[in-house]
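Notes for the one structure printed next.
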Amino acid sequence: MILKKIDKYLSSSFKKALKTIEEDVIPVLKDECDRVHYNSEFPSETFNKIKEKKLLSTIIDSDRNYYIFNVYDHFYFTYLLSKVCASAGMIYAMHIAQLHTIYKNKILSKKDDELNIFIENQLLIASATSEIGKGGDVSRSIATIEKGDNDTLYLMKKCSVISYADYADGILLTANSFENKQIFIYIDKSKYKLKLMSKWDAMGLRGTCSNGYVLEAKFHENDILSISSKEIVNNFIMPYSHILWAACWFGIASNSFEKTLVYYKLNTISNAQISEIYNNLLLVENSITLNLINFEKGRDDDFMKKLELTSLKSQVSELCINVCLDCLKVLGINGYINDSKYSITRNIADSLSSIVMINNNRINNSISESLKILKT
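By the working numbering, the letter at position 229 of the sequence shown is numbered 1505, and the numbering carries on one by one without gaps.
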């Protein structure tokens, strides 16, 4: 699948970067993608190349930045990575969502001069929002900050997962302040220690290396984001995460379909089967395109925009799972075995991650409650 519908929205900066992405980044990812999945390894070579090419700070609108991407660009880049390796695409998506939050906080707090370090050093940002005792609810933390001497603050947080924590340069995390208020904190790796609790041995997205850790941090009040937790979740993390996760799953499904299409052209298969898969992919693409346009241009009705973006996650993830499974029905044993050029075993495993990344039932329940107050 080629995302022709968003081509006209891609920035000139991204079009300049696209040659670098296709010629320098993607070949490196293709070389290490099997190892990343089967050995559950972080895609180090790919992210070293992304850092080298100054592609980690693209969310920051600054003259010092070599590339500046809009939301269409970030979607497209995540999609391209995910077609080759979903773990790499998801890592990039999570990083951009965290950096987007930090960037907006610095701008609104008039501390934009502090953004230079992210541009100059191409810092990779992880997220610590999942907690033992309360699950993955990004809006709530039970880890409480404690005051120490000399304005030092302390935090101990038992995290069920922190994706790519061992490779990150900093972590954006949630906590409960000493005033019993939900807050976000950004701390660089010099201010925290990680103690391994559990190893990541999962069905899919194996290269995200989402181990469990006890995180112990020593920091100061200026590390706490000034924007309210509710605003961060609703306006920054949730929209960007749902959009870029959709890019990841769409990349997975598109790769499955492309392999199936090649197989279809060489074999006698029912036309109806392949057309049904294509129709489902078009449904996904149309939904994504509409949500991208609404998000980038800004809708007058913030309630509807939030409702549609929330729906996007469950809709796209479930359709992409169906696409992968329908492709397997066409490919048969050729798609089922690992050493076939038509194999989509990794695609299926990676696509199923969407079921556990913010539970779809919880999202659908939230949508149902929101519909009660929808004006008809």
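Note that beta-carbon positions come from the ideal geometry of N, C-alpha and C, so glycine has one too.
Fair warning: this is a prediction, and the values are worked out from it, not measured in the lab.
**Message:** I need the DSSP call for Glu1497, collapsed to helix, strand or coil.
**Reply:** helix
**Asked** To which residues does DSSP link Ser1474 through a beta bridge?
**Response** Gly1488
**Request:** Count the other CB atoms, across all protein chains shown, that sit within 10 Å of the CB of Val1632; report buried if there are 16 or more and exposed otherwise.
**Result:** exposed
**Prompt:** Using a Cβ-Cβ cut-off of 6 Å (strictly less than) and excluding sequence neighbours within five positions of Val1304, which residues of its own chain qualify?
**Reply:** Glu1321, Thr1322 and Lys1325
**Request:** Name the two residues that bound the continuous alpha helix (DSSP H) containing Ile1550.
**Result:** Asn1547 to Lys1573
**Prompt:** Taking the C-alpha atoms as reference points, what is the distance between Pro1219 and Leu1481?
**Reply:** Because the chain here runs from 1277 to 1652, residue 1219 falls outside it and cannot be looked at.
**Item:** Identity of the residues DSSP links to Ser1403 by a beta bridge
**Value:** Leu1448
**Asked** Got a sec? Which residues, its chain only, sit under 6 Å from Lys1306 by beta carbon, not counting five neighbours each side?
**Response** Val1360
**Asked** Can you round the beta-carbon distance between Ser1333 and Phe1394 to whole angstroms, since I take them to be within the 8 Å contact cut?
**Response** 5 Å
**Prompt:** Which of the three DSSP states, helix, strand or coil, is assigned to Met1286?
**Reply:** The question names Met, but residue 1286 in the sequence shown is Leu. Looking at Leu1286 - three-state DSSP - the assignment turns out to be coil, as it is neither helix nor strand.
**Item:** Opening and closing residue of the beta strand (DSSP E) in which Asp1310 lies
**Value:** Looking at the DSSP string, Asp1310 is not in any beta strand (DSSP E); the run it does join, the alpha helix (DSSP H), is Ile1302 to Tyr1314.
**Message:** Extract the residue ranges of the alpha helix (DSSP H) inside the region 1327-1379, only unbroken runs of 4 or more that lie entirely within it.
**Reply:** 1347-1360
**Asked** Can you name, in chain order, every residue of its own chain whose Cβ lies under 6 Å from the Cβ of Lys1380, other than the five neighbours on each side?
**Response** Phe1512
**Asked** Anyone know if the C-beta pair for Phe1495 and Thr1405 falls short of 9 Å?
**Response** no
**Between the CA atoms of Thr1450 and Ile1461 - distance to the nearest angstrom** = 6 Å
**Request:** Round the Cβ separation of Ile1528 and Cys1600 to the nearest angstrom and send it over; I've been treating them as touching at under 8 Å.
**Result:** Contact between Ile1528 and Cys1600 holds, since their C-beta atoms are separated by about 7 Å, short of 8 Å.
**Message:** Just to confirm the assignment, what range does the alpha helix (DSSP H) spanning Ile1519 have?
**Reply:** Met1514 to Leu1542
**Message:** Taking 7 Å as the limit between beta carbons, can you name the residues of its chain near Gly1446, skipping five residues before and five after?
**Reply:** Leu1399, Ile1401, Tyr1462, Ile1463, Asp1464 and Lys1465.
**Message:** Less than 6 Å between C-beta atoms, sequence neighbours within five positions excluded: which residues of the same chain meet that for Val1592?
**Reply:** Ala1522, Trp1525 and Val1560
**Prompt:** Is it right to say Arg1311 is buried, meaning 16 or more other beta carbons lie within 10 angstroms of its own, or is it exposed?
**Reply:** By the 10 Å Cβ count, Arg1311 comes out exposed.
**Item:** Met1366 versus Val1490, Ser1546, Asn1456 and Ile1519, residue with shortest Cα-Cα distance
**Value:** Ile1519
**Request:** List the residues that DSSP assigns as beta-bridge partners of Lys1281.
**Result:** Partner(s): none; Lys1281 has no beta bridge.
**Prompt:** Which residue's Cα is closest to the Cα of Met1473: Lys1467, Gly1483 and Asn1487?
**Reply:** Asn1487
**Item:** Residue nearest to Thr1296 in terms of C-alpha spacing, selected from Glu1328, His1313, Ser1316 and Glu1308
**Value:** Glu1328
**Asked** Opposite Gln1458 in the DSSP bridges: which residues?
**Response** Asn1452
**For Lys1469, three-class secondary structure by DSSP** = Three-state result, Lys1469: strand.
**Asked** Got a sec? Which residues, its chain only, sit under 7 Å from Asn1456 by beta carbon, not counting five neighbours each side?
**Response** none
**Request:** Note the first and the last residue of the continuous alpha helix (DSSP H) segment covering Val1632.
**Result:** Ser1629 to Val1632
**Message:** Suppose you measure from the CA of Tyr1430 to the CA of Ile1421; what does that come to, to the nearest Å?
**Reply:** 6 Å
**Request:** Over the uninterrupted beta strand (DSSP E) stretch that includes Tyr1443, give me the two end residues.
**Result:** Careful: Tyr1443 lies outside any beta strand (DSSP E) and carries neither H nor E.
**Request:** Closer than 8 Å by C-beta to Gly1424: which residues in its own chain qualify, once you throw out the five before and the five after it? Chain order, please.
**Result:** These residues qualify, in order along the chain: Tyr1430 and Lys1494.
**Request:** Check the C-beta distance from His1376 over to Ile1344 and give it rounded, since I have them as a contact under 8 Å.
**Result:** Actually they are not in contact, since the Cβ atoms of His1376 and Ile1344 sit about 13 Å apart, beyond 8 Å.
**Prompt:** Which term fits Glu1407, buried or exposed, when burial requires 16 or more other beta carbons within 10 angstroms of its beta carbon?
**Reply:** buried
**Asked** If you draw a straight line from the C-alpha of Ser1505 to the C-alpha of Glu1299, how long is it?
**Response** 40 Å
**Asked** Excluding the five sequence neighbours on either side, which residues of its own chain have a C-beta within less than 6 Å of the C-beta of Phe1579, listed in chain order?
**Response** Residue confidence is low: Phe1579 scores 46 on pLDDT, short of 50, so the model does not pin down where it sits. No coordinate-derived value is stated.
**Item:** Enclosing alpha helix (DSSP H) for Asn1397 [first to last residue]
**Value:** Asn1392 to Asn1397
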